[in-house]
Amino acid sequence: MSLLPYLDICLALLVVAVAFWTIAARDLFASVVGYVAYGLLLAFVWIRLYAPDVALTEAAVGGGVTGVLLITAGKRLGGLRNVGQGERPGFGLSLVAGVLAAAVAGALCAVILMLPDPPPSLAPEAVAAIHGAGAGLGNPITAVLMSYRSFDTMLEKMVLILAVVGVWSVGADNAWGGAPAPFRVSKPDAPMVFLAQMLAPVGVLIGIHIFWVGADEPGGAFQGGALLAAMWMVTMMAGVAQPPRVDARWLRVALVAGPAVFLVIGLAGGVVAGSFFAYPPALAKPIILFIEAFMVLSIAAALPMLVAGSPGERPDR
Amino acid sequence: MTPSVIAGLLGAALVGLGLYGLILHPHPLRKLLAFNLIGSGVFLVFGIVARRGAAAGLRFDPVPQAMIITGIVVAFAASAVAVALILRLSAVGRRVTLDPEVPTRPDGGDAK
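Set out below in structure tokens:
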């Protein structure tokens, strides 16, 4: 009997406690800080499920970038003067909501305890498809993302672009084409500037490394791109860099580069390799890394733009 | 209990907590946060499907795991659009709530 099952239970209880805190905290800021901690703790749960790639994504995107998004949004909402607030609902509604939430959670628990045995699995098909397509990728997740289900991954990059377009579109009409509001209006502290100057170069190197080893080890375009995005956001939060104008040509090229390269190579696969999104086996790995490099660029451009928000939003309005 | 069952029950608890917060919090950003809790709970439930589907020499089924990674990124993109909508709605409507009953404060100066 090892200690691990007890650690698992403790970890689960800790995650539930932090999740409870994010719901119960009075203050929005406290709640968001709880959510970031929650994302990091959840990454440990993912590691226990043998999912290091998901753990990296959850820690970077689910915890970190979402936390920055909510903190920035909270600060901008706090800058709005004379705004009405909603009231907390009464005891009756709280009770009904609690019963409903408990019923849904209980039903889910029952489903989890009654999952079919033997479990269905696509792993043999995925492994066969990966070996059939050549590639020689050591990381099965990257192989699934870039080869077995490459069309999904391409569409998901399109969703990121659509989200950026959506965020830009809800800005005021007269602000169109301008730059999003800076991350901070006040003069940044010297330690923050120092941190950005020291951390950003190292973080960029680590991001590129995570993308590069993602072919064979845990990591990949999402995780590496998210790290690069985080480094750009750190420099913007320290005031070392400012958000670019949304009509800047280089920004738009960077945003569409990933899905565009992916789509062109996917279409070329129909001619060269015999089917849509197929790669010639001898060249599969270099082609996949080539596509992933552009995807890293697009992710690194899209995530900070999603956090920066619509053009022309000023917190002092 | 195996780690995957614990993680699955954890996912169910997170869905319940998130649902409760989503219904009860008047602040739209808190609602969004609660919705993200539901999302990560659903990902965890999906994650134990990936863990249970271990076959072909792997300790997990790579297809659901890859879809979870895609899902986390898409969930973030959707959250960003929601934040942009909330900020714009609050700036135009001069109130931080989704409740149509709450009046806008008249002392806000220029009513945009």
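Listed in order, the protein sequences are those of chains A and B.
With the first letter of the first sequence counted as 1, position 120 gets the number 120 in our numbering; the numbers rise by one all the way through.
With the first letter of the second sequence counted as 1, position 98 gets the number 98 in our numbering; the numbers rise by one all the way through.
Ideal Cβ placement from N, Cα and C applies to all residues, glycine included.
Report all residues from its chain with a CB closer than 6 Å to the CB of M146/A; omit the five preceding and five following residues, and keep chain order. Numbered from its first residue, the first sequence carries residue 146/A at position 146. Excluding positions up to five away in sequence, the list reads I288.
8 Å Cβ cut-off: residues of chain B touching S94/A: Translated into the one-based positions of the first sequence, residue 94/A becomes position 94. One finds L24 in chain B with Cβ atoms closer than 8 Å to the Cβ of S94/A, taken in chain order.
Output the residue ranges of the beta strand (DSSP E) runs that lie fully inside the region 12-98 of chain A and measure 3 residues or longer, sorted by chain position. If we require 3 residues or more, the region 12-98 of chain A turns out to have no beta strand (DSSP E) run fully inside it.
Does any residue of chain A bring its CB to less than 8 Å from the CB of F76/B? One-based indexing of the second sequence puts residue 76/B at position 76. Output row for F76/B: interface = yes.
If we call anything under 8 Å between Cβ atoms a contact, is G41/B one with A123/A? For this step, residue 41/B is matched to residue 41 along the second sequence. For this step, residue 123/A is matched to residue 123 along the first sequence. Pairing G41/B with A123/A gives a Cβ-Cβ distance that is not under 8 Å.
In terms of alpha-carbon separation, which member of R88/B, S79/B, I48/B, V81/B lies closest to M114/A? Within the first sequence, numbered from 1, the residue matching residue 114/A stands at position 114. Comparing Cα-Cα distances from M114/A to each of R88/B, S79/B, I48/B, V81/B, the minimum goes to I48/B.
So, for I86/B: in the same chain, excluding its five sequence neighbours on each side, which residues have a beta-carbon less than 6 Å away from its beta-carbon? Position 86 of the second sequence, counted from the first residue, corresponds to residue 86/B. Once the five neighbours on either side are set aside, the close Cβ partners of I86/B are P28.
For the region 254-274 of chain A against the region 201-212 of chain A, do three or more pairs of beta-carbon atoms, one drawn from each stretch, fall closer than 8 Å, so that the two count as touching? No: the two stretches stay apart, fewer than three of their Cβ pairs being nearer than 8 Å.
At least three beta-carbon pairs within less than 8 Å, the region 223-233 of chain A to the region 199-206 of chain A: The region 223-233 of chain A, when compared against the region 199-206 of chain A, does touch it at the 8 Å Cβ threshold.
Establish whether the CB of F35/B and some CB of chain A are separated by less than 8 Å. Position 35 of the second sequence, counted from the start, is the residue given in the question as residue 35/B. False, the Cβ-Cβ gap to chain A never drops below 8 Å.
Neighbour flag for I47/A against chain B, beta carbons, 8 Å: As a first step, residue 47/A must be located in the first sequence, where it is residue number 47. Chain B places no beta carbon closer than 8 Å to that of I47/A, leaving this residue out of the contacts.
Proximal residues to S31/A (C-beta, below 7 Å), its chain only, five neighbours per side dropped: Within the first sequence, residue 31/A is the residue found at index 31, counting from 1. Within the same chain, S31/A has close Cβ partners T22, A25.
Is the shortest distance between the beta-carbon of D8/A and the beta-carbons of chain B less than 8 Å? Position 8 of the first sequence, counted from the start, is the residue given in the question as residue 8/A. Closer than 8 Å to some Cβ of chain B, the Cβ of D8/A qualifies, so yes.
Tell me which residues share the same chain as T142/A and place their Cβ nearer than 7 Å to its Cβ, disregarding the 5 neighbours each side in the sequence. Working through the first sequence from its first residue, we reach residue 142/A at position 142. Correct list, in chain order: G214, A215, G220.
Provide the residue(s) that pair with P180/A in DSSP beta bridges, ordered along the chain. To locate residue 180/A, count along the first sequence from 1; it is residue 180. In DSSP, P180/A forms a bridge with P311/A.
Kindly list the residues whose CB is nearer than 8 Å to the CB of Q65/B, restricted to its own chain and excluding five residues on each side of it in sequence; keep chain order. Here the question's residue 65/B lines up with position 65 in the second sequence. Around Q65/B, the same chain offers G47, A50 as residues with beta carbons nearer than 8 Å, after the five sequence neighbours per side are excluded.
Counted within 10 angstroms of its Cβ, other Cβ atoms place N139/A as buried (16 or more) or exposed: Translated into the one-based positions of the first sequence, residue 139/A becomes position 139. The residue in question, N139/A, is buried, as its Cβ has 16 or more Cβ neighbours within 10 Å.
What's the C-alpha gap between V307/A and V96/A? Along the first sequence, one-based indexing puts residue 307/A at 307. Along the first sequence, one-based indexing puts residue 96/A at 96. The straight-line gap from Cα to Cα measures roughly 35 Å.
Starting from the beta carbon of P120/A, find every residue of chain B whose beta carbon is closer than 7 Å, and list them in chain order. Here residue 120/A is taken as the residue at index 120 of the first sequence, counted from 1. Close partners of P120/A in chain B (Cβ separation under 7 Å): G53.
Quick one: list the residues of chain B neighbouring A179/A, beta-carbon separation under 8 Å, in chain order. As a working mapping, residue 179/A is identified with position 179 in the first sequence. Within 8 Å of the CB of A179/A, no CB atom of chain B is found; the nearest one sits about 15 Å away.
Kindly indicate which three-state DSSP category L137/A falls into: helix, strand or coil? Indexing the first sequence from 1 puts residue 137/A at position 137. Correct three-state label for L137/A: coil.
Touching by the beta-carbon criterion (3+ pairs, under 8 Å), the region 182-201 of chain A and the region 4-16 of chain B: A contact between stretches requires three or more CB pairs, one per stretch, nearer than 8 Å, and the region 182-201 of chain A fails this requirement with the region 4-16 of chain B.
Given a threshold of 16 other Cβ atoms within 10 Å of its Cβ, counted over all protein chains shown, does F29/A qualify as buried or as exposed? As a working mapping, residue 29/A is identified with position 29 in the first sequence. In the assembly as shown, F29/A is an exposed residue. Its beta-carbon has fewer than 16 other beta-carbons within 10 Å.
Can you look up F211/A in the DSSP assignment and give me helix, strand or coil? Sequence index remark: in the first sequence, residue 211/A carries index 211 (1-based). F211/A falls in the helix class under three-state DSSP.
Out of P244/A, L162/A, A179/A, I291/A, point me to the one whose CA is closest to A82/B's CA. The residue labelled residue 82/B in the question sits at position 82 within the second sequence. Minimum Cα distance to A82/B is reached at L162/A.
State the Cα-Cα distance for the pair N174/A and Y35/A, rounded to the nearest angstrom. The residue given as residue 174/A occupies position 174 in the first sequence. The residue given as residue 35/A occupies position 35 in the first sequence. Rounded to whole angstroms, N174/A to Y35/A spans 35 Å at the Cα level.
Using the C-alpha atoms, what's the distance from A284/A back to G354/A? Residue numbering for chain A in the displayed model covers 1 to 317; residue 354/A lies beyond these limits and cannot be assessed.
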